[in-house]
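As C-alpha cells, the structure follows; a few thoughts come after it.
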Amino acid sequence: MPERLANRLKERRSELGLTQAELAERVGVTRKTVNTVENGVFTPSATLAIKLAQALEVSVEQLFWIER
Amino acid sequence: MDSYTTGLGVGIAAAVIIVAVIKWLARNKPMSVAEKAEYLSKRRARMLPALAVIFLSQQAAFFSSLGSPHETSAYTVKVSAWLVLSVVILAALATKGFWLERKEVRDLIDDENTRANRNDAMRWGFLCSMGAAIAVYALTLFDVQMNARDAVHIVMTIGIPAALIRWGMLERRALRVA
Chain A
-5 MPERLANRLK
5 ERRSELGLTQ
15 AELAERVGVT
25 RKTVNTVENG
35 VFTPSATLAI
45 KLAQALEVSV
55 EQLFWIER
Chain B
367 MDSYTTGLGV
377 GIAAAVIIVA
387 VIKWLARNKP
397 MSVAEKAEYL
407 SKRRARMLPA
417 LAVIFLSQQA
427 AFFSSLGSPH
437 ETSAYTVKVS
447 AWLVLSVVIL
457 AALATKGFWL
467 ERKEVRDLID
477 DENTRANRND
487 AMRWGFLCSM
497 GAAIAVYALT
507 LFDVQMNARD
517 AVHIVMTIGI
527 PAALIRWGML
537 ERRALRVA
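Residue numbers (the working numbering), protein chains in the order written: chain A, -5 to 62; chain B, 367 to 544.
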C-alpha cells in the first residue's frame, strides 16, 4: 500500500475563515500551490509545510500526517 | 543582407509584436502582485498547449518541404523563424519566463508547485527527445537517407511540444478547483 501525505489544510483554513488566495498570500505562494497541496495532488517541501503550519497557527504534525 | 539574417529579423520582429500586443491588452488593469501572478498563471496554462500547436504547425511547413531544394530564401526564412521560436520556448522552459514582468511577480509565479511541474515537463521533453533520437538512429540503419539538420529538426519537433503539453496539462490540473 503506497504512503501518501494527508492534510487538514482545508478544514483549518475554513476554521480561520481564510480563502485559498488569502492563505497563499500569507505563505508567499500562488493560490494554485495551496489548491494542489489541499487536494493532495502536490507534496509540499518541508519549508512550505512549516510556512503553512505557521500561517494556520498549528504544528506541522497537526496539519500533515502520513496515511498508509 | 543575406536571407538568414532576414529570417532572424522576421522571427525577432514577430516576437516583439506579440509582446507589444500582450502588453497593450494588459493595460489599465491595476492588480496586486498575487492577482497578477494568478492571472499570468492561468494565461500560461492556456498558452502552453496553444504554443505547442503553433510550434507543430511550423514543423508541418518544414516537413512538407522535405526533399525540395533547401537553399531557397523562403526555406531559410522559415527555418530561421523556427529557430528563434525554438530558442525562445527553450528559454521560457528553462527559466521563470515572463521576462518583462516585475521581479516579485516572476518570483511568485515560479513558486514550488510551478517548479515541480516545470521539472516534470523537462523530464518528459528529455525522454521524448531521446526516444525520437533513437528512432531516427534506427531508421538510418535501414538505409533511410537523412542529413544532420533534418535529424535535429525531428528530435526537436518531438521534444519541445512534449514538454509544453506536459507542463500545460500539469498547470491546468493544478488550477482546477476541487
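The beta-carbon is built from N, C-alpha and C at its ideal position, and this holds for glycine as well. Remember, predicted model here, so these are calculated numbers, not experimental data.
Look up residue i in the DSSP assignment and say whether it is helix, strand or coil.
| i | result |
| --- | --- |
| Phe58(A) | strand |
| Leu449(B) | helix |
| Arg410(B) | helix |
| Ala15(A) | helix |
| Asn513(B) | coil |
| Arg(-2)(A) | strand |
| Met397(B) | coil |
| Leu53(A) | A quick correction: the sequence has Ser, not Leu, at residue 53(A). Residue state, collapsed to three classes: coil. |
| Leu466(B) | coil |
| Val35(A) | coil |
| Gly377(B) | helix |
| Phe492(B) | helix |
| Val23(A) | coil |
| Phe429(B) | helix |
| Gln10(A) | Sequence inspection shows Leu at residue 10(A); the Gln mentioned does not correspond to that position. Reduced to three states, the DSSP call for Leu10(A) is coil. |
| Ala440(B) | helix |
| Ala386(B) | helix |
| Thr461(B) | coil |
| Phe508(B) | coil |
| Arg538(B) | helix |
| Ala392(B) | coil |
| Asp486(B) | helix |
| Asp473(B) | helix |
So which residues on chain B does residue i lean against when the C-beta distance must stay under 9 Å?
| i | result |
| --- | --- |
| Phe36(A) | Glu478, Asn479, Ala482, Asn483, Ala540 |
| Ala15(A) | Ala400, Glu401, Glu404 |
Applying a beta-carbon distance threshold of less than 9 Å, which residues of chain A neighbour residue i?
| i | result |
| --- | --- |
| Ala487(B) | By Cβ distance, chain A contributes nothing, its closest Cβ being about 14 Å from Ala487(B), past 9 Å. |
| Ser407(B) | Thr24, Arg25, Lys26 |
Here's the rule I'm using: 16 or more other beta-carbon atoms within 10 Å means buried, otherwise exposed. How should residue i be labelled?
| i | result |
| --- | --- |
| Thr13(A) | exposed |
| Ala49(A) | buried |
| Asn485(B) | exposed |
| Lys469(B) | exposed |
| Phe508(B) | exposed |
| Trp465(B) | exposed |
| Leu10(A) | exposed |
| Leu391(B) | exposed |
| Ala60(A) | Per the sequence presented here, residue 60(A) reads as Ile, with Ala not at that position. Ile60(A) comes out exposed. |
| Ser446(B) | buried |
| Pro(-4)(A) | exposed |
| Arg410(B) | buried |
| Glu537(B) | buried |
| Lys395(B) | exposed |
I want to verify the contact list: residues of chain B whose CB lies under 8 Å from the CB of residue i, in sequence order.
| i | result |
| --- | --- |
| Ser39(A) | Glu478 |
| Arg19(A) | First, the amino acid is wrong: residue 19(A) is Glu here, not Arg. Simply Ala400. |
Anything in chain B within Cβ reach of residue i, meaning under 7 Å, just list it in chain order.
| i | result |
| --- | --- |
| Leu42(A) | Glu478 |
For residue i, go through chain A and note every residue whose CB falls closer than 8 Å to its CB, in chain order.
| i | result |
| --- | --- |
| Ala380(B) | What Ala380(B) touches in chain A: nothing, since even the nearest Cβ is about 30 Å away. |
| Ile475(B) | Thr24 |
For residue i, which residues in chain A fall below 7 Å Cβ to Cβ?
| i | result |
| --- | --- |
| Ala403(B) | Thr24 |
**Request:** Taking only beta carbons into account, state which residues of the region 458 to 473 of chain B come closer than 8 Å to chain A, listed in chain order.
**Result:** none
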